[in-house]
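Here this note's numbering is used: the first residue of the sequence shown is 2, the next is one more, and so on.
To start, the structure under review is shown below, and the notes come after it.
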Amino acid sequence: MKDPFSIEDKVTIITGGGTGIGASIAHEFASRGARLLIASRKLSHLEPVRDEIRKAGGKCEMAQCDVRDPAACEATIATAVRHFGRLDVLINNHGGSIAARSLDLSPNGWGAVVGINLNGTFFASKAAARQFIKQNTGGVIINMSTYLALRASPMAASYAAAKSAVINLTKSHASEWGGFGIRVNCIVPGPIETEAAAARGWGNPDLRAKVGRTRALGRLGRVGEIAYPCIFLASDAASYISGAMLVIDGGTAPRGE
Ligand code: NAP
2 MKDPFSIEDK VTIITGGGTG IGASIAHEFA SRGARLLIAS RKLSHLEPVR DEIRKAGGKC
62 EMAQCDVRDP AACEATIATA VRHFGRLDVL INNHGGSIAA RSLDLSPNGW GAVVGINLNG
122 TFFASKAAAR QFIKQNTGGV IINMSTYLAL RASPMAASYA AAKSAVINLT KSHASEWGGF
182 GIRVNCIVPG PIETEAAAAR GWGNPDLRAK VGRTRALGRL GRVGEIAYPC IFLASDAASY
242 ISGAMLVIDG GTAPRGE
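Printed below as a string of structure tokens:
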């Protein structure tokens with residue numbers, strides 16, 4: 002009997018798969034036999050991950066894609082299909098923010114953050130859904146939001162608003178595409194240790210400790226702690242889960258945030 006938790010052979014696209022959480026998802030999926038295409042703007046981010054996965058015996062291709070461009074999203078789906086014959090899973094892991102007060106954020110800055118996080122998720126999801134419908138196989142989409150989407154986020158209003166919209170988009174797409182056997186879910190990470198997060202300030206031990214104290218578990222999360230739930234959501238074990246929001250934030254500390 003096939004293990005319902007298996008993701009073996011599942012053809013999976015991971016946007017932002019060359020760094021941080023996305024790279025961890027790529028390694029964990031590849032080591033369980035998924036066939037991958039990792040995609041983002043910079044080939045210099047993707048190449049090392051692709052090469053490490055291949056060296057370990059996994060299957061991984063890469064594609065340059067700016068998710069703000071609908072044609073690039075369609076081309077990325079087509080590339081995965083050309084390599085592997087079909088698509089099973091799309092993980093919209095890409096993301097980007099600008100730390101600025103709303104009064105200081107330019108229209109361009111606002112547009113870039115909404116463009117990456119919200120428009121990019123919409124364009125990639127639409128392209129994937131069209132492929133799933135064409136195949137008549139169903140499919141899985143996993144979107145990446147943030148815990149900042151669930152509360153006021155001074156200095157990150159554009160990011161929090163766009164990621165909040167990703168949660169709503171998840172529910173609408175789950176509703177629109179459920180009839181085609183497509184499941185759409187959203188992961189809502191709390192503070193996770195990545196290079197990008199360290200560069201934004203969590204490299205500072207005092208700040209890390211302060212952020213850690215806001216969590217019930219008293220620490221920041223690790224990239225694998227986001228990757229493992231992605232494996233579950235991509236697998237048949239999650240076959241009745243759609244339109245859901247899975248908050249992975251270590252819980253809220255007793256004294257709140
Ligand atoms: P990261 O390393 O900066 O990952 C972001 C990825 O998105 C990069 O690989 C980047 O690759 C890609 N990307 C950015 N703009 C893109 C675009 N226009 N088109 C295609 N790809 C694009 O940060 P991370 O911490 O691993 O974050 C991964 C996801 O988790 C993001 O959605 C983030 O918002 C979310 N998240 C992170 C945390 C955290 O604490 N780390 C917390 C909550 C949510 P290129 O530069 O090569 O394009």
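All C-beta atoms in this analysis are idealised placements derived from N, C-alpha and C, irrespective of residue type, glycine included.
Where residue i and residue j are concerned, what is the direct C-alpha to C-alpha distance, given to the nearest angstrom?
i: Thr-171; j: Phe-123; result: 9 Å
i: Pro-155; j: Ala-100; result: 9 Å
i: Arg-220; j: Gly-251; result: 8 Å
i: Ser-25; j: Asn-137; result: 30 Å
i: Met-90; j: Leu-38; result: Reading the sequence as shown, one finds Val at residue 90 and not Met. Going by the C-alpha atoms only, they are around 10 Å apart.
i: Glu-177; j: Gly-244; result: 10 Å
i: Asp-4; j: Arg-131; result: 28 Å
i: Glu-48; j: Asp-70; result: 21 Å
i: Leu-106; j: Gly-225; result: 33 Å
i: Ala-210; j: Glu-194; result: 12 Å
i: Ile-227; j: Leu-234; result: 11 Å
i: Leu-104; j: Ser-98; result: 16 Å
i: Ala-239; j: Ile-143; result: 12 Å
i: Ala-157; j: Cys-66; result: 25 Å
i: Ala-217; j: Ile-8; result: 31 Å
i: Gly-18; j: Leu-88; result: 16 Å
i: Leu-44; j: Ala-64; result: 8 Å
i: Ala-76; j: Asp-10; result: 21 Å
i: Trp-111; j: Ala-166; result: 14 Å
i: Gly-202; j: Gly-34; result: 35 Å
i: Pro-206; j: Ala-175; result: 40 Å
i: Pro-108; j: Gly-121; result: 18 Å
i: Ala-199; j: Met-2; result: 44 Å
i: Ile-14; j: Gly-179; result: 20 Å
i: Lys-127; j: Leu-208; result: 39 Å
i: Ala-129; j: His-46; result: 23 Å
i: Arg-83; j: Ile-54; result: 20 Å
i: Glu-62; j: Asp-52; result: 9 Å
For residue i, which of the options has the nearest alpha-carbon?
i: Ala-162; options: Val-185, Ile-193, Arg-201 and Ala-113; result: Ala-113
i: Asn-186; options: Gly-59, Gly-139, Ala-157 and Leu-247; result: Leu-247
i: Phe-6; options: Ile-242, Arg-256 and Asp-237; result: Asp-237
i: Arg-42; options: Val-12, Ala-73 and Phe-85; result: Ala-73
i: Ala-125; options: Ala-254, Ala-79, Ala-150 and Asp-105; result: Ala-79
i: Val-12; options: Ala-158, Ile-242 and Ile-232; result: Ile-232
i: Ile-183; options: Gly-140, Gly-97, Arg-33 and Asn-109; result: Gly-140
i: Thr-215; options: Ala-197, Arg-256, Ile-227 and Ile-143; result: Arg-256
i: Asn-94; options: Leu-119, Glu-75 and Ser-45; result: Leu-119
i: Ala-197; options: Gly-121, Ile-14, Arg-102 and Gly-96; result: Gly-96
i: Gly-191; options: Leu-208, Asn-205, Gly-179 and Arg-223; result: Arg-223
i: Arg-253; options: Lys-164, Tyr-148 and Ala-200; result: Looking at the sequence provided, one finds Thr at residue 253 rather than Arg. Closest option to Thr-253, Cα to Cα, is Tyr-148.
i: Ile-22; options: Gly-204, Lys-135 and Ile-92; result: Ile-92
i: Ala-57; options: His-46, Arg-83 and His-28; result: His-28
For a quick check, are the C-beta atoms of residue i and residue j less than 8 Å apart?
i: Ala-40; j: Thr-20; result: no
i: Val-115; j: Ser-159; result: yes
i: Ile-117; j: Val-50; result: no
i: Gly-59; j: Ala-81; result: no
i: Ser-146; j: Val-189; result: yes
i: Ala-150; j: Ile-168; result: yes
i: Ile-249; j: Pro-230; result: yes
i: Phe-133; j: Phe-181; result: yes
- prompt: Within the structure, which residues are defined as neighbours of the ligand NAP by a Cβ-heavy atom distance below 6 Å, reported in chain order?
  reply: This criterion selects Thr-16, Gly-17, Gly-19, Thr-20, Gly-21, Ile-22, Gly-23, Ser-41, Arg-42, Lys-43, His-46, Cys-66, Asp-67, Val-68, Arg-69, Asn-94, His-95, Gly-96, Gly-97, Ile-117, Gly-121, Met-145, Thr-147, Pro-190, Pro-192, Ile-193, Thr-195, Ala-197 and Ala-198.
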